[in-house]
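What follows is a short report on a single structure.
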Ligand code: OGA
Ligand code: MN
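In our numbering, the protein residues as written are 11 to 233.
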């Protein structure tokens, strides 16, 4: 299997396998998985260095699909994003890790994940992303959503939690603290979710594994 990660020694591979197995187990029983300290420190630190060194000019206001006008956007989400193209060591290592996860999930759950897209995200103090879904039944090609957090020393009053709404009636949403190395993964069509207003700068990577929904007049995914 192709992996661009140059730090994937045997040790990390076996750690990844037990992590991937826990994630697969969570997804098949609950539809989502939240794991602390999921990425190995070397990869995390690379991604953290990368996002911290990226110039503010690389980040652009994120869109909200078909409602992509400014008034609506301001009401729905206020974060800034920068798509990951894999053109530096850190990004290549991240894509390599995501591809290993994709292959593992396909082998175990037969989800037929076909491609992966991801972006860095920055929430400045006050930024939020209101309750939304990453994909809707019928139009779906985003199958699995993943978020990795890059925030050291996140405090309980720093806000910015991810809330994942489960279907269990009367159950409060799953609350995820955006702490360094935590990974949240969920079935894109099944879980509405939101990001509560952050009280400090909040850094993350959000990504989506997609199925191939090409037909003869539309080649998809576009990248
Ligand atoms: C998204 C998203 C969650 C988070 O970018 O679609 O839901 O915790 N992000 O950053
Ligand atoms: Mn989302």
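By construction, the Cβ of each residue, glycine as well, lies at the ideal position given by its N, Cα and C atoms.
Of the heavy atoms belonging to the ligand MN, at least one sits nearer than 7 Å to the Cβ of residue 155.
Listed as beta-bridge partners of residue 173 by DSSP are 185, 204. If you ignore the 5 residues before and after residue 119, its C-beta comes within less than 7 Å of the C-beta of 34, 37, 38, all in its own chain and listed in chain order. Closer than 7 Å to some heavy atom of the ligand MN: that does not describe the Cβ of residue 89. Checking the 7 Å criterion, the Cβ of residue 144 is within range of a heavy atom belonging to the ligand MN. Under DSSP, no beta-bridge partner is assigned to residue 180.
No Cβ-Cβ contact shorter than 8 Å links residue 219 with residue 143. For residue 195, the secondary structure class from DSSP, reduced to helix, strand or coil, is strand.
Of all alpha-carbon atoms in 124, 201, 83, the one lying nearest the alpha-carbon of residue 221 is that of 124. Closest by C-alpha distance to residue 104, out of 51, 84, 86, 70, is 51.
Leaving aside the five residues that flank residue 29 on each side, the residues in its chain whose CB is nearer than 8 Å to its CB run, in chain order, 45, 48.
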